[in-house]
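In structure tokens, the structure reads:
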């Protein structure tokens with residue numbers, strides 16, 4: 001008897017706790033960020049959360065969406081693991097989120113796409129839209145493309161297009177060395193670079209094509225000696241983390257005279273690790289950087305820096321929030337399917353130029369800057385004397401790459 | 001060709017000597033206590049961070065002395081008040097204890113210095129090309145590291161073979177009970193060795209930090225390699241550690257320049273494309289691609305063929 005009463009009381013309490021969640025208040029649109037928030041790389045996920053929060057709050061201050069509703073960011077820690085991602089995704093959906101944001105790792109991205117394809121077919125009234133803003137494997141907008149997935153970052157092939165555009169216009173480069181990590185991503189870069197260089201600069205010779213095991217190399221001196229022996233003028237490398245920092249740093253220490261065309265050197269921790277070795281030598285591709293001369297983004301970056309004590313990086317999230325807002329307002333609902341249908345054919349003018357989503361594969365196109373590490377710039381990164389300055393720019397159209405996507409529409 | 005050979009040898013030897021600086025302390029502790037000090041690589045990392053911090057305020061030379069000293073004293077205290085108490089519960093407890101210490105250091109470093117690493121650079125006074133090798137400037141700092149490591153090897157060797165303390169240490173390595181019976185304070189010897197090992201790891205961190213990237217991931221990058229060096233060289237053997245370090249350094253360095261795959265071997269052997277599908281991807285994997293995992297292959301072979309290592313006196 002006593003037990004039964006206890007049970008009933010527990011059930012009541014549980015109900016009371018659960019009810020505010022089940023009777024979702026309609027005053028907010030929930031955006032769930034699912035990314036790694038813990039562990040040695042947790043700082044990247046943390047930075048993503050702060051960026052998303054920052055841009056959502058700006059939109060809220062400017063009137064929110066759908067005539068006064070707020071954007072509400074909630075973060076879920078997937079520990080960078082595809083399996084854990086599904087658990088957290090379920091939690092996010094249970095918490096009422098219909099928009100999922102994610103950035104790190106294409107393996108996680110593929111897991112989200114697979115899950116949502118099934119989930120949205122079985123629960124059309126609970127559909128969820130996936131906004132991918134940093135997972136770069138081309139597969140997500142080709143073989144594995146999905147109506148429920150939008151990529152708001154330039155994928156590997158697009159970035160390679162921007163990099164090879166830059167190399168095309170640099171006659172001093174005659175020999176190129178490819179240096180990548182031995183997994184799907186590194187291999188994608190290597191084949192894209194080989195093909196695009198052949199088209200844009202048939203006279204360029206590819207003198208080396210290295211694949212190294214992921215984060216296993218402790219000493220890069222032998223690789224530097226090997227690159228030097230080939231007489232390369234430029235190295236294209238999609239390495240990240242220690243594999244990138246140590247490579248470039250060792251190259252600088254041993255005086256290797258090459259230009260480094262990288263995909264990630266501008267990320268957090270990059271300039272701190274590279275130091276003077278990178279000045280004038282390390283190139284990166286991005287949709288924006290601190291020294292792009294534009295008053296709107298400059299003000300934004302200042303505010304962000306003051307609020308969080310770190311440099312603004314994911315400018316693309318501002319565009320995402322703006323386009324999402326407009327889609328919701330035009331669709332007059334926050335229902336993901338209606339919003340996706342508006343979003344997939346949207347063109348949008350940012351302070352930096354024209355951007356658009358390609359309806360066939362839901363890939364977003366934007367102007368891309370190629371920049372080089374420099375010590376003579378106004379805005380420095382990470383309290384070092386270094387920053388990035390623009391050396392070239394490709395308009396959105398110039399970076400377009402073909403797709404094999406055959407999208408199944410709901 | 002000659003150019004490649006000379007430069008690769010030089011690079012391999014320098015990397016090997018840096019490994020030796022770490023492995024020497026580890027192998028003595030391992031030989032004496034029969035336990036891998038899993039925190040050794042973490043101490044190396046702590047050495048690099050302390051080196052960075054001290055050289056920022058006092059300069060590089062004080063850092064070169066103070067950081068290893070701090071780690072040595074810390075290591076000795078850790079042995080005296082931690083490891084010694086755990087010792088009586090057996091090897092597993094000791095192993096777990098050092099594992100815990102590694103974690104503590106890792107997290108502490110991240111909390112104090114952040115997760116993205118620090119700009120630890122080669123001091124300006126030491127940052128110049130020493131000589132030109134086939135038109136390639138060779139940095140002085142690397143040669144400085146080499147000289148320091150060689151000096152340490154001879155210093156350690158002399159200390160172990162020519163001094164009374166060294167005599168007792170060597171005796172305690174193999175017959176701790178007997179040495180204790182003869183009236184020597186064996187626990188104190190253990191404490192000294194542990195402290196010296198930690199100090200050496202710290203020194204390696206101070207001088208290695210500017211060459212490598214000083215970040216929280218640096219311990220993981222080198223830790224696994226160190227254990228292979230110690231096992232290949234033989235537990236508790238200083239010459240073994242030296243030889244194994246050089247071996248690992250040179251093998252890795254030379255393997256990187258070898259773009260030879262099984263496919264090429266078949267072709268030269270006249271088998272051509274007849275067996276094109278045989279072995280699939282492995283055929284096209286070059287030696288350069290597997291260079292970073294070669295030390296682990298050596299470790300496996302060594303454990304099967306000669307479990308005591310090159311110069312070890314007893315099996316692992």
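Residue numbers (the numbering used here), protein chains in the order written: chain A, 1 to 410; chain B, 1 to 316. The beta-carbon is built from N, C-alpha and C at its ideal position, and this holds for glycine as well. Since this is a predicted model, take the numbers as computed values, not measurements.
(message) Any contact between the segment 100-115 of chain A and the segment 131-147 of chain A? By contact I mean 3 or more CB pairs, one from each, below 8 Å.
(response) With the cut-off at 8 Å, the segment 100-115 of chain A and the segment 131-147 of chain A touch.
(request) Excluding the 5 residues preceding and the 5 following residue 243 of chain B in the sequence, name in chain order all residues of the same chain whose CB lies nearer than 8 Å to its CB. (result) Within the second chain, the letter at position 243 stands for residue 243 of chain B. Take residue 243 of chain B, set aside five residues on each side of it, and the residues of its chain with a beta-carbon closer than 8 Å to its own are 233, 310 and 311, in chain order.
(request) May I have the straight-line CA-CA distance separating residue 273 of chain A from residue 27 of chain A, to the nearest angstrom? (result) Along the first chain, one-based indexing puts residue 273 of chain A at 273. Along the first chain, one-based indexing puts residue 27 of chain A at 27. A direct Cα-to-Cα measurement between residue 273 of chain A and residue 27 of chain A gives close to 45 Å.
(request) Name, please, each residue of chain B whose Cβ falls closer than 7 Å to the Cβ of residue 217 of chain A. (result) As a position in the first chain, residue 217 of chain A is number 217, starting the count at 1. Chain B residues near residue 217 of chain A: 292.
(message) Strictly below 7 Å CB to CB, what residues from chain A border residue 116 of chain B?
(response) Stepping through the second chain from its first residue, residue 116 of chain B is reached at position 116. Simply 43, 268, 269 and 272.
(request) Find the residues of chain B that neighbour residue 211 of chain A, judging by a C-beta separation of less than 8 Å, and give them in chain order. (result) On the first chain, position 211 is the one that residue 211 of chain A refers to. Residues of chain B passing the Cβ test: 289.
(request) Kindly indicate which residue of A:199, A:157 and A:207 has the alpha-carbon position closest to the one of residue 185 of chain A. (result) Along the first chain, read from residue 1 onward, the residue named residue 185 of chain A stands at position 185. The shortest CA-to-CA distance from residue 185 of chain A to any of A:199, A:157 and A:207 is the one to A:157.
(message) Tell me the DSSP secondary structure of residue 269 of chain A in three-state form.
(response) The count along the first chain starts at 1 and reaches residue 269 of chain A at position 269. In the three-state scheme derived from DSSP, where H, G and I count as helix and E and B as strand, residue 269 of chain A is classed as coil.
(request) Taking 9 Å as the cut-off, decide whether the C-beta atoms of residue 208 of chain B and residue 44 of chain B are in contact. (result) By one-based count along the second chain, residue 208 of chain B stands at place 208. By one-based count along the second chain, residue 44 of chain B stands at place 44. Yes, the pair counts as a contact, with Cβ atoms nearer than the cut-off.
(request) Starting from the C-beta of residue 35 of chain A, find all residues in its chain whose C-beta is less than 7 Å away, skip the five residues before and the five after it, and write them out in chain order. (result) Residue 35 of chain A sits at position 35 when you count from the first residue of the first chain. Contacts found: 45, 48, 78, 102, 103 and 104.
(message) Taking the alpha carbon of residue 312 of chain A as the reference point, which residue from A:51, A:258 and A:75 has its own alpha carbon closest?
(response) Against the first chain, residue 312 of chain A aligns to sequence position 312. Residue 312 of chain A has its Cα closest to that of A:51, out of A:51, A:258 and A:75.
(message) Can you find the residues in the same chain that come closer than 7 Å, C-beta to C-beta, to residue 241 of chain B, ignoring five residues on each side of it along the sequence?
(response) Sequence index remark: in the second chain, residue 241 of chain B carries index 241 (1-based). The residues 20, 23, 24, 27, 229, 230 and 233, in chain order, have a CB closer than 7 Å to that of residue 241 of chain B in the same chain once the five nearest residues on each side in sequence are set aside.
(message) For a contact defined as C-beta to C-beta under 7 Å, what are the partners of residue 15 of chain B on chain A?
(response) Numbered from its first residue, the second chain carries residue 15 of chain B at position 15. Against chain A, the beta carbon of residue 15 of chain B has neighbours under 7 Å at 219 and 221, listed in chain order.
(message) Would you say residue 275 of chain A lies against chain B (beta-carbon separation less than 9 Å)?
(response) Looking up residue 275 of chain A in the first chain gives position 275. Yes - at least one Cβ of chain B is within 9 Å of the one on residue 275 of chain A.
(request) Identify every residue that forms a DSSP beta bridge with residue 393 of chain A. (result) Sequence index remark: in the first chain, residue 393 of chain A carries index 393 (1-based). DSSP links residue 393 of chain A through a beta bridge to A:369.
(message) If you reduce the DSSP assignment to three classes, tell me which class residue 40 of chain A lands in.
(response) Along the first chain, one-based indexing puts residue 40 of chain A at 40. Residue 40 of chain A carries a coil assignment under DSSP once its states are collapsed to helix, strand and coil.
(message) Buried or exposed for residue 20 of chain A, going by 16 or more other Cβ atoms inside 10 Å?
(response) For the purposes of this step, residue 20 of chain A is taken as residue 20 along the first chain, with counting starting at 1. Its pLDDT being 43, under 50, residue 20 of chain A is placed unreliably by the model, and the measurement read from it follows with that caveat. Residue 20 of chain A should be labelled exposed.
(request) Anything in chain A within Cβ reach of residue 136 of chain B, meaning under 7 Å, just list it in chain order. (result) The count along the second chain starts at 1 and reaches residue 136 of chain B at position 136. Per Cβ cutoff of 7 Å: 228.
(message) Tell me the DSSP secondary structure of residue 177 of chain A in three-state form.
(response) Working through the first chain from its first residue, we reach residue 177 of chain A at position 177. Residue state, collapsed to three classes: strand.
(message) Contact criterion: CB-CB distance below 9 Å. Does residue 104 of chain A meet it with respect to chain B?
(response) Within the first chain, the letter at position 104 stands for residue 104 of chain A. So no, residue 104 of chain A is outside the interface.
(message) Does chain B have any CB closer than 9 Å to the CB of residue 311 of chain A?
(response) As a working mapping, residue 311 of chain A is identified with position 311 in the first chain. False, the Cβ-Cβ gap to chain B never drops below 9 Å.
(request) Spell out whether any CB of chain A is found under 9 Å from the CB atom of residue 44 of chain B. (result) Looking up residue 44 of chain B in the second chain gives position 44. Not one chain A Cβ lies under 9 Å of residue 44 of chain B.
(message) Can you tell me whether residue 361 of chain A is buried or exposed? The criterion is at least 16 other CB atoms within 10 Å of its CB, across all chains shown.
(response) The residue labelled residue 361 of chain A in the question sits at position 361 within the first chain. Under the 10 Å beta carbon count, residue 361 of chain A is surrounded by 16 or more other beta carbons and is classified as buried.
(request) Output, in chain order, the set of chain A residues within a Cβ distance shorter than 7 Å of residue 212 of chain B. (result) Counted from its first residue, the second chain places residue 212 of chain B at position 212. Ordered by position in chain A, the residues that pass the 7 Å Cβ test against residue 212 of chain B are 246.
(message) Check whether the segment 247-260 of chain B and the segment 46-61 of chain B are in contact - that is, three or more C-beta pairs closer than 8 Å.
(response) The segment 247-260 of chain B is not in contact with the segment 46-61 of chain B.
(request) Determine the DSSP secondary structure at residue 88 of chain B, reduced to helix, strand or coil. (result) Locating residue 88 of chain B in the second chain gives position 88, counting from the first residue. The DSSP-derived three-state label of residue 88 of chain B is coil.
(message) Just to check my reading of the structure: residue 198 of chain B and residue 75 of chain B have Cβ atoms closer than 8 Å, yes? What is that Cβ distance to the nearest angstrom?
(response) Translated into positions along the second chain, residue 198 of chain B becomes position 198. Translated into positions along the second chain, residue 75 of chain B becomes position 75. Confirmed, about 3 Å.
(request) Pick out whichever of B:301, B:52 and B:71 has its Cα sitting closest to the Cα of residue 42 of chain B. (result) As a first step, residue 42 of chain B is located in the second chain; it is residue number 42 there, counting from the start. When B:301, B:52 and B:71 are compared, the shortest CA-CA separation from residue 42 of chain B is found for B:71.
(message) Measuring straight from C-alpha to C-alpha, what distance separates residue 121 of chain A and residue 333 of chain A?
(response) For this step, residue 121 of chain A is matched to residue 121 along the first chain. For this step, residue 333 of chain A is matched to residue 333 along the first chain. Put simply, the backbone Cα of residue 121 of chain A is about 20 Å away from that of residue 333 of chain A.
(message) With H, G and I counted as helix, E and B as strand and the rest as coil, what does DSSP make of residue 308 of chain A?
(response) The sequence position of residue 308 of chain A within the first chain is 308, counting from 1. Correct three-state label for residue 308 of chain A: helix.
(request) Return the CA-CA distance between residue 114 of chain B and residue 128 of chain B, expressed in angstroms with no decimal places. (result) Position 114 of the second chain, counting from 1, holds the residue named residue 114 of chain B. Position 128 of the second chain, counting from 1, holds the residue named residue 128 of chain B. Within the model, the alpha-carbon separation for residue 114 of chain B versus residue 128 of chain B is close to 30 Å.
(message) Closest to residue 438 of chain A by C-alpha separation, out of A:389, A:271 and A:55, would be which residue?
(response) Here chain A covers residues 1 to 410 and nothing more, so residue 438 of chain A does not appear.
(request) Note down the Cα distance separating residue 149 of chain A from residue 222 of chain A, rounded to an integer number of angstroms. (result) Position 149 of the first chain holds residue 149 of chain A. Position 222 of the first chain holds residue 222 of chain A. Looking at the two C-alpha atoms, the distance is approximately 42 Å.
(message) Distance check for residue 76 of chain A and residue 24 of chain A, CA to CA, integer angstroms please.
(response) As a first step, residue 24 of chain A is located in the first chain; it is residue number 24 there, counting from the start. As a first step, residue 76 of chain A is located in the first chain; it is residue number 76 there, counting from the start. Reliability fails at residue 24 of chain A, whose pLDDT of 46 lies under 50, so the model's placement of it is uncertain and no value is given.
(message) If you follow the beta strand (DSSP E) that residue 283 of chain A is in, where does it begin and where does it stop?
(response) Position 283 of the first chain, counting from 1, holds the residue named residue 283 of chain A. Judged by DSSP secondary structure, residue 283 of chain A falls within the beta strand (DSSP E) whose first and last residues are 282-286.
(message) Based on DSSP bridge pairs, tell me the residues matched to residue 296 of chain B.
(response) If you number the second chain from 1, residue 296 of chain B lands on position 296. According to DSSP, which records beta bridges pairwise, residue 296 of chain B is partnered with nothing at all.
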